[in-house]
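What follows is one structure encoded as structure tokens, with my remarks underneath.
Below is the structure:
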């Protein structure tokens, strides 16, 4: 019995740091590359509201570092415009992405989901 109680206590204590660090919502990031007429986007991922602006800067850097925005004619990344949106629910965050994509698709843009972000 002591062994079971010890195991349960240990498991609970190991889970506490993860619970304390739980994000307060979900973020999706979207960027439009005018040079490529393409929308680049993520699916919702857990993040804190306070981190949304910093995540956009990281997203733009991730796109450049992984050749999503680099032209085959230049080593410089193409400029992008976009945002990272925070929402309390995953579905609400994904709706922001759907709206962003639809806006540019109506203007003839293609879309591409970005995998591996955030790392």
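Numbering (our numbering), first residue to last: -17 to 101.
Glycine included, each C-beta is placed from N, C-alpha and C at the ideal position.
These numbers come from a predicted model, not from an experiment.
Which residues bound the beta strand (DSSP E) around residue i?
i          : result
residue 12 : 7 to 15
Run through the DSSP bridge pairs and tell me what residue i is partnered with.
i          : result
residue 23 : 12, 95
residue 29 : 7
Within 10 angstroms of the Cβ of residue i, are there 16 or more other Cβ atoms? Answer buried if so, exposed if not.
i          : result
residue 41 : buried
residue 2  : Confidence is the limiting factor: at residue 2 the pLDDT is only 45, short of 50, which leaves the residue's position unreliable, though a coordinate-based value still follows. Exposed, by the Cβ-count rule.
residue 67 : buried
residue 81 : exposed
residue 84 : exposed
residue 56 : exposed
residue 37 : buried
residue 22 : buried
I'd like the ranges of any alpha helix (DSSP H) spanning at least 4 consecutive residues and lying wholly in the region 43 to 99. 72 to 87
Would you call the region 22 to 41 and the region 68 to 80 touching, i.e. three or more CB-CB distances under 8 angstroms? The answer is yes - the region 68 to 80 touches the region 22 to 41, with three or more Cβ pairs under 8 angstroms.
Should the region 41 to 60 be regarded as contacting the region 74 to 88, the criterion being three or more beta carbon pairs within less than 8 angstroms? no
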